[in-house]
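Take a look at the structure set out below.
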Amino acid sequence: MFAKLSAPGWYRAALYLLIGLGFSYVLSIGARAGFGYDPVLDGEAVLQIALIAMPFFFLAGMGAFDYWYHWAAGRPTLPEDHSNHGARRWQDYFKVNTDHKVIGIQYTVTSFFFLFVGGLIAMLMRAELAAPGRQFVDSNTFNGLFSVHASILIFLFIIPVFAGLANFVLPLMIGAPDMAFPRLNALSYWMLPVAGLMMLVSFFAPGGSFATGWTAYAPLSETSPIGQVFFTIGVQFAGASSIATALNFLVTIITMRAPGMSFFRLPLLVWANFSTSLLVVIATPFIAASQFFVLLDRALGFDFFRVAGGAGGDVLMYQHVFWFYSHPAVYIMMLPGFGIVSEILAVKSRKPIFGYRMMAFSLLAIVVLGFTVWAHHMFVSGMQSWIRVPMMVTTAIIAVPTGIKIFSWLATLWRGVLHLDTPMLFALGFVTMFTLGGISGVMLAMIPLTIHVSDTYFIVAHIHYVLFGGSLFTIFAGVYYWFPKMTGRMYDETLGRVHFWTTFVFFNVTFAPMHLIGVQGMPRRVADYAAEFADWNLAISIASFCLGLSSLLFLYNIIASWRGGPRAAANPWRALTLEWQVSSPPPIFNFDSVPTVVGGPYEYGVPGAVHGVFKGGAEVPQPAGAREHAAAD
Amino acid sequence: MAQEETRQDEAAATEAEAAEAAERRTPRRTAAQMIGVGLLASVLGVLGGLLIDWFPAPGSTQAGPIDTLWDVLLIASVPVFVLVTVVIAFSVINFRMRPGEEGIDGPPIHGNTRLEVIWTAVPAILIVGLVTYAYVVLRDIEQAPASGRERVVKVFGEQFAWTFEYNEGGRRFRNAQLYLPVDESVKFEVQSKDVIHDFWVPAFRMKIDAVPGITTSYRVTPTAVGDHAIVCAELCGLGHAFMRQTAHVMTSDDFGAWVRRASAPAGGGGGGGASGGAPDGKQLFAAGKDSTGAQPCGACHKLSDAGSSGGTGPDLDQALRGKDAAFIERAIVDPNAEIAQGFGPNVMPDNYRSTLSSAEVDALVKYLQDATK
Chain A
1 MFAKLSAPGW
11 YRAALYLLIG
21 LGFSYVLSIG
31 ARAGFGYDPV
41 LDGEAVLQIA
51 LIAMPFFFLA
61 GMGAFDYWYH
71 WAAGRPTLPE
81 DHSNHGARRW
91 QDYFKVNTDH
101 KVIGIQYTVT
111 SFFFLFVGGL
121 IAMLMRAELA
131 APGRQFVDSN
141 TFNGLFSVHA
151 SILIFLFIIP
161 VFAGLANFVL
171 PLMIGAPDMA
181 FPRLNALSYW
191 MLPVAGLMML
201 VSFFAPGGSF
211 ATGWTAYAPL
221 SETSPIGQVF
231 FTIGVQFAGA
241 SSIATALNFL
251 VTIITMRAPG
261 MSFFRLPLLV
271 WANFSTSLLV
281 VIATPFIAAS
291 QFFVLLDRAL
301 GFDFFRVAGG
311 AGGDVLMYQH
321 VFWFYSHPAV
331 YIMMLPGFGI
341 VSEILAVKSR
351 KPIFGYRMMA
361 FSLLAIVVLG
371 FTVWAHHMFV
381 SGMQSWIRVP
391 MMVTTAIIAV
401 PTGIKIFSWL
411 ATLWRGVLHL
421 DTPMLFALGF
431 VTMFTLGGIS
441 GVMLAMIPLT
451 IHVSDTYFIV
461 AHIHYVLFGG
471 SLFTIFAGVY
481 YWFPKMTGRM
491 YDETLGRVHF
501 WTTFVFFNVT
511 FAPMHLIGVQ
521 GMPRRVADYA
531 AEFADWNLAI
541 SIASFCLGLS
551 SLLFLYNIIA
561 SWRGGPRAAA
571 NPWRALTLEW
581 QVSSPPPIFN
591 FDSVPTVVGG
601 PYEYGVPGAV
611 HGVFKGGAEV
621 PQPAGAREHA
631 AAD
Chain B
634 MAQEETRQDE
644 AAATEAEAAE
654 AAERRTPRRT
664 AAQMIGVGLL
674 ASVLGVLGGL
684 LIDWFPAPGS
694 TQAGPIDTLW
704 DVLLIASVPV
714 FVLVTVVIAF
724 SVINFRMRPG
734 EEGIDGPPIH
744 GNTRLEVIWT
754 AVPAILIVGL
764 VTYAYVVLRD
774 IEQAPASGRE
784 RVVKVFGEQF
794 AWTFEYNEGG
804 RRFRNAQLYL
814 PVDESVKFEV
824 QSKDVIHDFW
834 VPAFRMKIDA
844 VPGITTSYRV
854 TPTAVGDHAI
864 VCAELCGLGH
874 AFMRQTAHVM
884 TSDDFGAWVR
894 RASAPAGGGG
904 GGGASGGAPD
914 GKQLFAAGKD
924 STGAQPCGAC
934 HKLSDAGSSG
944 GTGPDLDQAL
954 RGKDAAFIER
964 AIVDPNAEIA
974 QGFGPNVMPD
984 NYRSTLSSAE
994 VDALVKYLQD
1004 ATK
């Protein structure tokens, strides 16, 4: 028993959580007694301390800090001990594991759990919105539903699932045995379930969950019930996880490329994650700051955003700090998808990426421009009016590098040999749907139009064309594309195609009409609406239920194929990039011998072209002209 | 780099096998056909887009330029989307892998500088054009009236209602409903008493946040006599969805008459609505009282007898069943005295004692008592 409680793992985590709870009570009571507050025991005070402290006790219990603690305490650190590296049994996925492939799968599966939770919440909202008036939930619950829906899907699905996919394939792609900081990588992952759980359990808080939208504008978020704090603090853990992973990616990409892997031989997925990581490390501290301001106002009586009684707060400052993160966050949620689509379109068109260097430079251009447009979210916020026009110009200009990417993808298709399987269908679906989302984005850059449509369903339509038709389509494409590599099994192609077509059709039926009802004047974030919008809302609700059902096809396909799908070959897509040159799934330390990179990653159709060479002279099988099929495992 | 590509192209071309493959993959439909389809689809798309009735009926001089901007954006956008879709559809039809082509690769085209310059420059020019036009529209809709004569109406947002303050010929007065004369420019100076709201009249096309601590503003010139919805467009809490009021645009004469009534000392009686005769409780429940800004109960409360279904406040069928008149009256005029379980304080307006006469409150109480027996 003692051994179980002292070894890192779930038992010790449970014990540490109890200790953490005790610590929170003692600190709260001690502080309140010291300052002479009455009553000494205040539930909300304890809760806020516990929300911050207990995750650290949990992480320590799981063993996320053990190595560092041993090192700091001068104990032997067993540098060659790989007992927590790699998955030999399924239980290895439920502990602090330092293998980037295990972490990649932990990330991806956890994120998809939150996708289904977030989707289910969306179904509840659509049920409520199927008719005007009150159906199932009161307005406080409804406001909580859309707030948790957005927060979960942004912070616990889109951002981490991209980090998960990249965690798995990026070190393989650059010929590295693992990420640069494997223990930091494990810590990054374990902060995620903490943040997600915190947001979900907020529904059980007195007064309901946080209900101020994922934007949590002050001062509304400062006068809301205690459920708001679950967002304020949950975001800190999701953000810290995100920053640590981004640092890890940056150092890995800069220092751990295989010999010969120059920056302009990097697959575009690596370029995309390099750009994304730059955005994350620069921007994410800003959302952390905005939420700390709110927490300090709420918990300790600061006056960052309070104006009543001459408190001197500045309400608009919240929005500037928040959007300085949250606009770049849109690109954090988009650039990795650009990378995934570039991989898939090249391989599935059997052609090199058209204009590789421009593809890489346009990513960097988006990174730079992405920091110059945040105030376009504030055109009607009442900020100083002169800044609107420069922000309109920069916002619209982002369409240029984005357009370069779209046209280059189209040119990549041209005269290729298109393999129209599930990853390719989702990639092509992405290009069309993201174009629509981009177009409504350019429309929204135009200040006079935004004055009318901001905070309406037009925004809801736009954000879902970008994040669902955009990001989620690339995520589906990526999961299908790398499923053989990650699991060693093939997915069911027919089910995959049915999943694509049902998703594509019902996605459009659900979200396209929202453009119209938004322009007509239906505000967003409302549990009830004027009777004139009733017909469209019923149609949207029905379509959204079909969209929800279509995701069950995906769930079934993935689970059934993972359990009993046919064994996957090492390189079923005849791809050139390095992750396909090792077995499926890859060996625990990725490469038996370090590859040497001698050419570009997308030289399809070039006779004699090679991307990587392995020691011992065995060249990477390259497909040009050769009619061989996938190499056997 | 370009030289190398050319060399590689040539190398590929010399390979008999590659040439054979290229032969087999000659497009079945010509690019001319694709351009034809694209043009046709663009024209149909633009026409279809323009035929859709996107906006609510225009109610201000600001609506015209904004609606036109939308049309221009549609005309610019549809061909872009059609271009992307048609190229993908054409590629899928012509270049999809056919049986026997499993091992074939496409031609190793790495890029084309001229094309890349074109698709960088053309969108940039288009964007600059649109932005310039949008800037002109923005100047247009925010311009002060040439005459310099402009009415200022102060707008106060609070959870969950708007109040309007007028200054007509030196007489200051407040009202909970917005009345405006047609064809006269008005500048709204917007403030908030608690959290951020957003003052939006969709028919006017203009909105601005009501921000605690600062005054924000915009101006419109109403053009359509009639009632237009006022919507709160910024999430402001529990009752956000129900923070809806009405803007009454009237002729100059009617407005003058309203000003005289509304600015008269208290007790002068409200205009419009249920003046004259005994007050009708059911009418007050369903419609409130426009002239003084009494919010209708039915906007937030469910009551079977009145057919209302709001969920912001307690379900009155349940909450008032068997209650006596004193309880109901207190619940109306002093709603924070006792808060129903599951609901928060300060949600219901606490101004009914001033916005309704005592006869009207009595009528409402009697109606509610009868309806929930």
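Protein sequence lines, in the order shown, are assigned to chains A and B.
Just so you know, we're using our numbering here: the first sequence kicks off at 1 and counts up by one.
Just so you know, we're using our numbering here: the second sequence kicks off at 634 and counts up by one.
The beta-carbon is built from N, C-alpha and C at its ideal position, and this holds for glycine as well.
Query	Result
Endpoints, the beta strand (DSSP E) within which B:His881 is located	Arg877 to Met883
Simplified DSSP assignment, three categories, for B:Cys869	coil
Short CB-CB distance (under 9 Å) between A:Ser202 and chain B	no
Cα-Cα separation, B:Leu672 to A:Met358	28 Å
Anticipated Cβ contact below 8 Å, A:Leu413 with B:Ile841, distance rounded	About 45 Å separates the two Cβ atoms, so there is no contact after all.
Where the beta strand (DSSP E) containing B:Gln607 begins and where it ends	Any answer about residue 607 of chain B is impossible in this case: the structure gives chain B only from 634 up to 1006.
Same chain, Cβ closer than 7 Å to A:Tyr67, five either side skipped, listed in chain order	Thr77 and Arg183
At least three beta-carbon pairs within less than 8 Å, the stretch 125-142 of chain A to the stretch 162-180 of chain A	no
Environment of A:Leu153 [buried if 16+ CB atoms lie within 10 Å]	buried
CB contact below 9 Å: B:Ile708 versus chain A	no
A:Leu316, buried or exposed, once every other Cβ within 10 Å from all chains shown has been counted against 16	buried
CB contact check: A:Ile397 to chain B, cutoff 9 Å	yes
For B:Leu868 and A:Asn143, the rounded distance between their alpha carbons	9 Å
Own chain, CB closer than 6 Å to A:His85, minus 5 neighbours either side, in chain order	Thr98 and Asp99
Which residues DSSP lists as bridging A:Ala163, in chain order	Bridge partners of A:Ala163: none, in fact.
N-terminal and C-terminal residue of the alpha helix (DSSP H) that A:Lys405 is part of	Ala399 to Leu413
Coarse secondary structure for A:Ser583, derived from DSSP in three states	coil
Beta-carbon proximity list for B:Thr848, same chain, < 8 Å, skipping 5 on both sides	Glu822, Val823 and Gln824
Sufficient close CB pairs (3 or more, under 8 Å) joining the stretch 498-507 of chain A to the stretch 573-592 of chain A	no
A:Arg350 - containing beta strand (DSSP E), residue span	That residue, A:Arg350, is in no beta strand (DSSP E); it is neither H nor E in DSSP.
First through last residue of the beta strand (DSSP E) which encompasses B:Lys787	Arg784 to Glu791
Whole-angstrom distance between A:Val368 and A:Gly34, CA atom to CA atom	49 Å
Exposure of A:Leu555, with buried meaning 16 or more beta-carbon neighbours within 10 Å	exposed
With 16 other Cβ atoms within 10 Å as the buried cut-off, status of A:Phe136	exposed
Contained alpha helix (DSSP H) runs [length at least 4] in the stretch 422-506 of chain A, N- to C-terminal order	422-445, 447-453, 457-466 and 473-487
Whether B:Leu801 touches B:Val717 by CB criterion (9 Å)	Per the sequence shown, residue 801 of chain B should be read as Glu rather than Leu. No, the pair does not count as a contact, with Cβ atoms beyond the cut-off.
Touch test, the stretch 483-493 of chain A against the stretch 563-573 of chain A, Cβ-Cβ under 8 Å, three pairs minimum	yes
Collapsed DSSP secondary structure at B:Ile972 in the structure displayed	coil
Member of B:His873, B:Gly697, B:Ala665 and B:Trp703 whose CA lies at the smallest distance from the CA of B:Val679	B:Trp703
Own chain, CB closer than 8 Å to A:Leu402, minus 5 neighbours either side, in chain order	Here residue 402 of chain A is Thr; the residue named in the question, Leu, does not match the sequence. Counting only Cβ-Cβ distances below 8 Å, and skipping sequence neighbours, we find Ser362, Ile366 and Gly438.
Residue from B:Asp950, B:Thr663 and B:Lys935 with nearest C-alpha to A:Asp138	B:Lys935
9 Å Cβ cutoff met for B:Ala794 and B:Met667	no
A:His149: first and last residue of the uninterrupted beta strand (DSSP E) it sits in	Per DSSP, A:His149 belongs to no beta strand (DSSP E); it is in the alpha helix (DSSP H), Ser139 to Ser151.
Spatial distance of A:Gln319 from A:Gln291 (CA atoms)	11 Å
Contact with chain A by B:Glu734, beta-carbon distance below 9 Å	yes
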